[in-house]
Amino acid sequence: MTTEQTAGDQPLRPSLWRRILDSDLLYSFLRKPVVIVSFVLTVIIVLAAVLAPWIAPHTPFDPASLNLMNGFTPPFSANEFTGDTFILGTDSQGRDVFSAILYGARISLLVGFSAVAFAMILGVGLGLLAGYKGGWVDSLIMRVADVQLSFPAILVALMIFGVMRGVIPPQQQDQMAIYVLILAIGLSDWVQYARTVRSSTMAEKNKEYVQAARLFSVPAHRILLKHILPNVTGPILVIATIGLALAIILESTLSFLGVGVPATQPSLGTLIRIGQDYLFSGEWWITIFPGLTLLVLALSVNLLGDWLRDALNPKLR
Amino acid sequence: MTITLRAVVSGVAATALALSTAVSAETLRWANVGDSLTFDPHAQNHGQTHTISHQVYDSLIYSDHTGAQTAGLATDWYILDDDPEVWEFQLREGVTFHEGQSLTADDVVFSFERALQPNSDMRPLINTIVEIWAEDDYTVRMRTDGPNPLLANNLTNLFIMSREWAEANNVTEVQDYSGGEENYAVRNANGTGPYRLVSREADVRTEMELFEDFWGMDQYPLEVSRIVFTPIQSGSTRAAAILSGEIDFLQDPPVQDVNRLQAANDIVVRNAPQNRSIFFGMDQGRSELRTSNIQGENPFADRRVRQAMDLAIDRNAIQRIVMRGQSAPAGMIAPSFVNGYEEELDRVTGTNTARARELMAEAGYEDGFSVTMTCTNDRYIEDEGICQAVTGMLGQIGVQVNLNARPNSIHFAELQNGELDFYLLGWGVPTLDSHYVFDFLLETKTDNSGAWNFTGWSNEEFDALSRQLPTETDLERRNELIAQAWRIAQEEVVYLPIHHQVLNWAMRSDVVMDVHPEDQPMIKYLTFE
Numbered sequence: 001m002t003t004e005q006t007a008g009d010q011p012l013r014p015s016l017w018r019r020i021l022d023s024d025l026l027y028s029f030l031r032k033p034v035v036i037v038s039f040v041l042t043v044i045i046v047l048a049a050v051l052a053p054w055i056a057p058h059t060p061f062d063p064a065s066l067n068l069m070n071g072f073t074p075p076f077s078a079n080e081f082t083g084d085t086f087i088l089g090t091d092s093q094g095r096d097v098f099s100a101i102l103y104g105a106r107i108s109l110l111v112g113f114s115a116v117a118f119a120m121i122l123g124v125g126l127g128l129l130a131g132y133k134g135g136w137v138d139s140l141i142m143r144v145a146d147v148q149l150s151f152p153a154i155l156v157a158l159m160i161f162g163v164m165r166g167v168i169p170p171q172q173q174d175q176m177a178i179y180v181l182i183l184a185i186g187l188s189d190w191v192q193y194a195r196t197v198r199s200s201t202m203a204e205k206n207k208e209y210v211q212a213a214r215l216f217s218v219p220a221h222r223i224l225l226k227h228i229l230p231n232v233t234g235p236i237l238v239i240a241t242i243g244l245a246l247a248i249i250l251e252s253t254l255s256f257l258g259v260g261v262p263a264t265q266p267s268l269g270t271l272i273r274i275g276q277d278y279l280f281s282g283e284w285w286i287t288i289f290p291g292l293t294l295l296v297l298a299l300s301v302n303l304l305g306d307w308l309r310d311a312l313n314p315k316l317r
Numbered sequence: 001m002t003i004t005l006r007a008v009v010s011g012v013a014a015t016a017l018a019l020s021t022a023v024s025a026e027t028l029r030w031a032n033v034g035d036s037l038t039f040d041p042h043a044q045n046h047g048q049t050h051t052i053s054h055q056v057y058d059s060l061i062y063s064d065h066t067g068a069q070t071a072g073l074a075t076d077w078y079i080l081d082d083d084p085e086v087w088e089f090q091l092r093e094g095v096t097f098h099e100g101q102s103l104t105a106d107d108v109v110f111s112f113e114r115a116l117q118p119n120s121d122m123r124p125l126i127n128t129i130v131e132i133w134a135e136d137d138y139t140v141r142m143r144t145d146g147p148n149p150l151l152a153n154n155l156t157n158l159f160i161m162s163r164e165w166a167e168a169n170n171v172t173e174v175q176d177y178s179g180g181e182e183n184y185a186v187r188n189a190n191g192t193g194p195y196r197l198v199s200r201e202a203d204v205r206t207e208m209e210l211f212e213d214f215w216g217m218d219q220y221p222l223e224v225s226r227i228v229f230t231p232i233q234s235g236s237t238r239a240a241a242i243l244s245g246e247i248d249f250l251q252d253p254p255v256q257d258v259n260r261l262q263a264a265n266d267i268v269v270r271n272a273p274q275n276r277s278i279f280f281g282m283d284q285g286r287s288e289l290r291t292s293n294i295q296g297e298n299p300f301a302d303r304r305v306r307q308a309m310d311l312a313i314d315r316n317a318i319q320r321i322v323m324r325g326q327s328a329p330a331g332m333i334a335p336s337f338v339n340g341y342e343e344e345l346d347r348v349t350g351t352n353t354a355r356a357r358e359l360m361a362e363a364g365y366e367d368g369f370s371v372t373m374t375c376t377n378d379r380y381i382e383d384e385g386i387c388q389a390v391t392g393m394l395g396q397i398g399v400q401v402n403l404n405a406r407p408n409s410i411h412f413a414e415l416q417n418g419e420l421d422f423y424l425l426g427w428g429v430p431t432l433d434s435h436y437v438f439d440f441l442l443e444t445k446t447d448n449s450g451a452w453n454f455t456g457w458s459n460e461e462f463d464a465l466s467r468q469l470p471t472e473t474d475l476e477r478r479n480e481l482i483a484q485a486w487r488i489a490q491e492e493v494v495y496l497p498i499h500h501q502v503l504n505w506a507m508r509s510d511v512v513m514d515v516h517p518e519d520q521p522m523i524k525y526l527t528f529e
């Protein structure tokens, strides 16, 4: 992020708040209504998901709290047997769709954020190493990345999932499903980070400040983390934001295909899969509302990522 | 060169012939949620497996859509006047197997002996037979252990193989299904039935075509010349497949889509009560459960716990919501077709959660316990939905159920290995007699009885009553024994009955076929309007 020093009478490092208010990023943000709407929607969904246990009207996955007779209640209307009303209706087992979405978004976001963090750490680490060391280390890492890029991410994730299913004993598969999902999505997504960071690192490592550090015999890991890394974070942030949207969609796809999280802890993708059985028979709300939530979430995060990419690109400013 | 040319010419001729017949040929594209488990005719006593096998193999006697016993490979069957322990079967003459062998009494003897092997799942049906022999080429006699007037009932799914073929292909031994074994007969078949197995890809596609030398060419309509059977697991995909015309016959439309299919112009839905009851079994015999937090004792062994669970299940809610009205809530595990069925026994236990909690407390489980419930997700109508609903209902009396739903091929293998604590099962009664239920599900599990009794329940008084049935020739006395036996089983709450299934078959509107109460479509009867 660039900060501009304005007047000479100000302290050398202005306060954080001042720096945010003065930043180009905020300037650009406030002038794009679409971006503001995306940001607000993202914040609302994330907050709703994080606070689900406190704001959800029902606990959808406690079987003891369900009443089967509430099954298939349409949205905004009272159930014909029990008289209960549910804002977005109920599913086949009488679960409140709204609460299920809140809990589902929680799982989707948890998997999305964790997978992105995992892919970022792996990709940035390997990218820095490849760019700085060069030679055979670079070739090895980049050839692996190229091979992986030639397969679609979903295929890589499915393969990792398949292997893990074979390794993990069946009794633990349900508890381990989320971790396996994070691993599978993270491993299928690290290449973007590695390639971007590698090219930035190759550009940075020949600059004077790096050469100066080398002259002082600063160890390589310190140069990478303290000197080069801060200067390549801009692109990483952009990839991570777009990557989050992709990770959420990939997670939903896997769960939709039935290989993701178990039905007892459904994510948005699982909810859509469960609901689609009832599309023909007219109970549209079971699948449409989780679908809409997923759409809004992925679109908002994606728009934010696009904006961030443009805002941080000096050529487009 | 000439040889090659001739081969080419005959090849072209054969293609032309194939094309000319294909024009008038009718292909039936048929779908169901689950596949046949194996083509080995004696390896599994399993509904859909028998259904598919019925197109390819014949039994001596089969039951038609009215439930009546009909002549298959046998033309006549009776007990000898001078010896009530001997049954005689007159075989049909001029029957050929798909690979050309002629059917003789020796093949029947071979098939029965094969079905009596330890690996055979059909064994309990015929284990009263002590001796079987060929009287001449077309007469078979069987001696039973004491008079068995109802033996013929048990033979409707007992398929006849060719001894020559079995020996040539090394399949004289029945496949060990639960042991995961495969043999040649699993993917290949050589029956005498109306259709010949052309290709088989398990869980993907099975193709059969009309066998031109079928013995019943003049007896049945046989309007379908080719059958393509495809299992489709997802309910909405199945419904979409028939709506879009991708399949012609859907054996199990999802209950939520029945109304929509009925409303479609080019589809008819025919329905009938099915000969199958759905229920839960609990392992009561072990000293402790494998999947429970309670160690050192087995909560299911306490009758009060079983009664509490029985009281906690709201069967009417399951019927209304999960089944959309397409079922008959049940109090006993035999449908109304069956001799021994009583409306009084079938009356649904009223839901009483408060009383159920009291019973749990009396049994010492006021804090409840946890257990894993194992279900199929591709076998019975809405099986997974039923399990989820019951999970919620049992949660209200403190029984925390972890639900594990998976395909029936895994479920049945594990069940038959005796690995499950709490399981879903459906049972039809092809013999239409209660003894079938007693023999398989309620008698103490030994080599000769209780083949599907995985509850560990064992009651001497019950066994004594049930074991008199095969040889009791006084029907009134026999019915009295059946009624007594049912009362013991009901009082002990051995199983938790849920409902009797109702069958809906959806088909293209020009397809005419009556619903078979055992859910066994026989394509040889199918006609087109």
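Residue numbers (full-length UniProt numbering), protein chains in the order written: chain A, 1 to 317; chain B, 1 to 529.
Yeah, the Cβ is synthetic: ideal placement off N, Cα and C, and Gly gets one too.
Note that the structure is predicted; figures quoted are calculated from it, not measured.
For the alpha helix (DSSP H) that residue i lies in, which residues bound it at each end?
{"i": "D346(B)", "result": "343-346"}
{"i": "G296(B)", "result": "That residue, G296(B), is in no alpha helix (DSSP H); it is neither H nor E in DSSP."}
{"i": "N302(A)", "result": "285-311"}
{"i": "N259(B)", "result": "258-263"}
From the options, pick the residue whose C-alpha is nearest to that of residue i; which is it?
{"i": "Q501(B)", "options": "A354(B), V512(B), P517(B), R487(B)", "result": "P517(B)"}
{"i": "T372(B)", "options": "R303(B), L289(B), Q307(B), D76(B)", "result": "L289(B)"}
{"i": "T351(B)", "options": "E164(B), H50(B), I498(B)", "result": "I498(B)"}
{"i": "R29(B)", "options": "A241(B), N417(B), R320(B)", "result": "A241(B)"}
Secondary structure at residue i, three-state DSSP: helix, strand or coil?
{"i": "V156(A)", "result": "helix"}
{"i": "P253(B)", "result": "coil"}
{"i": "P497(B)", "result": "strand"}
{"i": "T206(B)", "result": "strand"}
{"i": "S409(B)", "result": "helix"}
{"i": "S509(B)", "result": "coil"}
Is it buried or exposed, residue i, if we count other Cβ atoms within 10 angstroms and call 16 or more buried?
{"i": "G186(A)", "result": "buried"}
{"i": "L21(A)", "result": "exposed"}
{"i": "L312(A)", "result": "buried"}
{"i": "K207(A)", "result": "exposed"}
{"i": "P290(A)", "result": "buried"}
{"i": "H221(A)", "result": "exposed"}
{"i": "P259(B)", "result": "Here residue 259(B) is Asn; the residue named in the question, Pro, does not match the sequence. Exposed, by the Cβ-count rule."}
{"i": "V97(A)", "result": "buried"}
For the beta strand (DSSP E) that residue i lies in, which residues bound it at each end?
{"i": "V399(B)", "result": "399-406"}
{"i": "G275(A)", "result": "G275(A) -> not in any beta strand (DSSP E); alpha helix (DSSP H) instead, spanning 268-276."}
{"i": "M142(B)", "result": "139-144"}
{"i": "E131(B)", "result": "129-136"}
{"i": "M373(B)", "result": "369-376"}
{"i": "G235(B)", "result": "Note, G235(B): premise wrong, no beta strand (DSSP E); alpha helix (DSSP H) at 235-243."}
{"i": "Q274(B)", "result": "267-282"}
{"i": "G47(B)", "result": "G47(B) -> not in any beta strand (DSSP E); alpha helix (DSSP H) instead, spanning 47-56."}
Would you tell me roughly how many angstroms separate the C-alpha atoms of residue i and residue j, rounded to the nearest one?
{"i": "E342(B)", "j": "S336(B)", "result": "8 Å"}
{"i": "I228(A)", "j": "Q400(B)", "result": "54 Å"}
{"i": "S77(A)", "j": "T90(A)", "result": "11 Å"}
{"i": "A105(B)", "j": "N271(B)", "result": "39 Å"}
{"i": "L158(A)", "j": "Q233(B)", "result": "20 Å"}
{"i": "S108(A)", "j": "L304(A)", "result": "18 Å"}
{"i": "D203(B)", "j": "N32(B)", "result": "11 Å"}
{"i": "V268(B)", "j": "A330(B)", "result": "28 Å"}
{"i": "A105(A)", "j": "W285(A)", "result": "16 Å"}
{"i": "L345(B)", "j": "T471(B)", "result": "25 Å"}
{"i": "A308(B)", "j": "Q284(B)", "result": "15 Å"}
{"i": "V56(B)", "j": "T42(A)", "result": "59 Å"}
{"i": "residue 541(B)", "j": "T144(B)", "result": "Because chain B here runs from 1 to 529, residue 541(B) falls outside it and cannot be looked at."}
{"i": "D174(A)", "j": "W87(B)", "result": "54 Å"}
Check whether chain E comes within 9 Å of residue i, counting only Cβ atoms and requiring the distance to be less than that.
{"i": "Y209(A)", "result": "This model lacks chain E altogether, as its protein chains are A and B."}
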